Every structure is written in C-alpha cells, then in structure tokens.
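J.: One structure is given below, represented as structure tokens, and several questions about it will come after.
Numbering (our numbering), first residue to last: 152 to 521.
Written out as structure tokens, the structure reads:
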C-alpha cells in the first residue's frame, strides 16, 4: 500500500501532464482532457484538449427545475460515452492519462455518486492516481484556463479575491495562494442563480432563468421598478436575495390586480422591465460588495466564476469597476463558467491524490474544506 501511495504522489508531482476531469454534480454530464503545458516561474499554463458537456436542460425544462432522480439516471446513461468522447476528441487513450480528477461535492448526492463511482472504477482499472475536487474551487480554477487560452503567460498575482456565483452558491473567497481558500462572505438565503430561476418562474418565462432574464433585460428599462439592494451597505460581505425575490413577486401581483386580468406572456414590455430592474439590483449588490472586499483585503487579482458569471451585465460591470479600482479582473469565457469538466481537471492538478477507496461524495462540501 505504501508503495502504491508513493507511486501516486510521484506521478502527480513530477509527471502529471495529462489529466482526465469528470463532472456530474448537477445536471451536466461532462468529461475533459487537460494538458499541463508549462510551469515556468510559478506560471501555470493549461491546454484543453477536449471538453465534452452533455446538458440535461431540455429534460428538466418541463419540470421547471432539476429533478435529482431524473438527473442521476441521465448521468448513468451518458457518463461512459461522454468520457470516451473526451478521450477520442483529445486523441488520447487511457495509457496517456496521468491522473483522474472528479467532483465529489457540493451538489446533488445521486448525481455526484455517478461521477465519483465511475472515476473510482477507472482509477482502479487503469491504475491511475485520483483526486477528489471541490466543485466551487473548480469554478475559481477556471481562471487558470482563461490565462492559458489567451496565451498570456502571466502568473495570477496573490492575494486573490474570488466571487463564486452560481445556482446554488454565492460566496466571496480570499486566497493567499493557489491552495488556500478562506470564505469571507456568502448568501444568507437564496443564491444569485437560484433567485434568477425563481424570478423567471414568477414572470412565466420558463427554465433556466438566468439566460432568459438576461435576454429580456436587454430591451427593458433597469430603472422602471425600484427594487431593493438587500444588505448592500452591511459591514460584512454576506449577501441576501430572498427579499428581492419577494419584492418582485409583490410587484407582479400588484400589477395583475390593477389589470384585473390574468398576466400573459404577451405582456412583453412589462416582463422586460421587471427583468431589467431585477437584474440591475442583483448586479449592483454583487459588484459593490465584491469591489469593497478587494479594497479591504488589498488583493492583487479579482476572479469571478460560476454559472451566473456568464451574465453579460455582470461581466461588463464587474470588469469596469475593477479596472476603475486598479484591480486586474479575470472572468473565464462563458463556456467555462457553467458546469464543465475542464476546471475539474485543473483543480485536480492542484489537489492531492488519495486512494480510490477513500473517495466519497459530500453534497454540502464547504469551499474551506480540504
């Protein structure tokens, strides 16, 4: 056993060149092959050889959200073909893989189990080291892929502040180095992505809410409705969005009563204005608190990741405000913000291999945990 452990550590530390990443924390089945290209003067450069993402949006759309049991069954059906597809697209075989990285939390427990058990089986059969990856950390590590893609061989300067903003989480994380994660703020109730979905449902716009709200907001007036900016001026760096969601609900109900008729999707401009005003409120809070944290913690780099980081207004506003405050801001390209396996592979590079028998899933895994 000691011989195997030493072999695993030697592989990971010295010869780790090609990593297979596996992601199944929610409703995307994904596998990616990532190559470590260079490690010069603390510069980490990664190349995505393949990144296959099979979305279940069309399956869950009719339910208005993700159904865990349905998601797990879909993962079981698709995970092996997706992994094989990633290997084929990367033009590599199992012999070329130096390590396997798999999401073990947070997420839906049944979905996580599909990916974890598959990865454990492959690690055993292929005799490869395996790394359990925190899904939230992977959203941050997506920034390293962004650097590699643009061929800017420039190290991300520490300390770093990272905003992880997704369907299930909204967290501010302080990093002293590549492996240090200290949560300094989080949502006290609904996550930003969650409230986008709920407001879209209130407006009868469908699922998923993020892209739909963003689309409608483009033609709306962000000043049309004076929605609150919850706890924006609090002294801490926590967030709260449930009150904003309730405010939107009450406004929609008020207008319905005034019209004395059933609200219809054809009330296009009304939906646009609600969407734009709501979106502006969320963006204002996220940007204000994040920039405030960069100042207090005197960081040298700002990173934003997670599904909500794909929002156009949020991306533009965050970059603009960070630039005004002299803080370099890295936001991965949109395809790397949503759930995918490429950042999982990168996180695996920075992680520590453990025996496959000890890999377990934790649906409530905290970003501060090792």
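Ideal placement from N, C-alpha and C gives every residue a C-beta, glycine not left out. Given the structure is predicted, the values throughout are model-derived calculations rather than measurements.
Mark residue 276 as exposed unless 16 or more other C-beta atoms lie within 10 angstroms of its C-beta, in which case mark it buried.
T.: exposed
J.: What's the call for residue 272, buried or exposed, on a 16-neighbour Cβ count within 10 Å?
T.: So residue 272 counts as exposed.
J.: Roughly how many whole angstroms lie between the Cα atoms of residue 232 and residue 420?
T.: Those two C-alpha atoms are separated by around 44 Å.
J.: Give me the Cα-Cα distance between residue 301 and residue 230, rounded to the nearest whole angstrom.
T.: Per-residue confidence for residue 301 stands at a pLDDT of 46, beneath the threshold of 50, marking its modelled position as unreliable; the derived number appears in the next sentence. If you take the alpha carbons of residue 301 and residue 230, they lie about 30 Å apart.
J.: Three or more C-beta pairs closer than 8 Å, one from the segment 209-225 and one from the segment 279-295: is that the case here?
T.: Taking a cut-off of 8 Å on C-beta distances, the segment 209-225 does not touch the segment 279-295, as fewer than three cross pairs fall below it.
J.: Looking only at DSSP bridge pairs, what is residue 322 linked to?
T.: 315 and 337
J.: Please determine, among 325, 280, 268 and 343, the residue with the shortest C-alpha to C-alpha distance to residue 223.
T.: By alpha-carbon distance to residue 223, the top candidate from 325, 280, 268 and 343 is 268.
J.: From residue 396 to residue 469, what does the alpha carbon distance come to, in whole angstroms?
T.: Going by the C-alpha atoms only, they are around 22 Å apart.
J.: Is the beta carbon of residue 429 sitting closer than 7 Å to the one on residue 323?
T.: no
J.: Taking residue 236 as the reference, give the member of 258, 247 and 204 with the closest Cα.
T.: 204
J.: According to the neighbour-count rule (16 or more other Cβ atoms, all chains shown, within 10 Å of its Cβ), is residue 422 buried or exposed?
T.: buried
J.: Between residue 360 and residue 350, how many whole angstroms is the CB-CB distance? I'm expecting something under 8 Å.
T.: 6 Å
J.: Classify residue 488 as helix, strand or coil using the three-state DSSP reduction.
T.: helix
J.: Compute the Euclidean distance between the alpha carbons of residue 476 and residue 447, then round it to the nearest angstrom.
T.: 12 Å
J.: With a Cβ-Cβ cutoff of 7 Å, do residue 334 and residue 519 count as a contact?
T.: Cβ atoms of residue 334 and residue 519: closer than 7 Å.
J.: If you draw a straight line from the C-alpha of residue 505 to the C-alpha of residue 202, how long is it?
T.: In this model, residue 505 and residue 202 are separated by some 24 Å (Cα to Cα).
J.: Could you give the DSSP three-state label for residue 380: helix, strand or coil?
T.: Coil.
J.: Would residue 502 pass as a contact of residue 317 if the rule is Cβ separation under 7 Å?
T.: no
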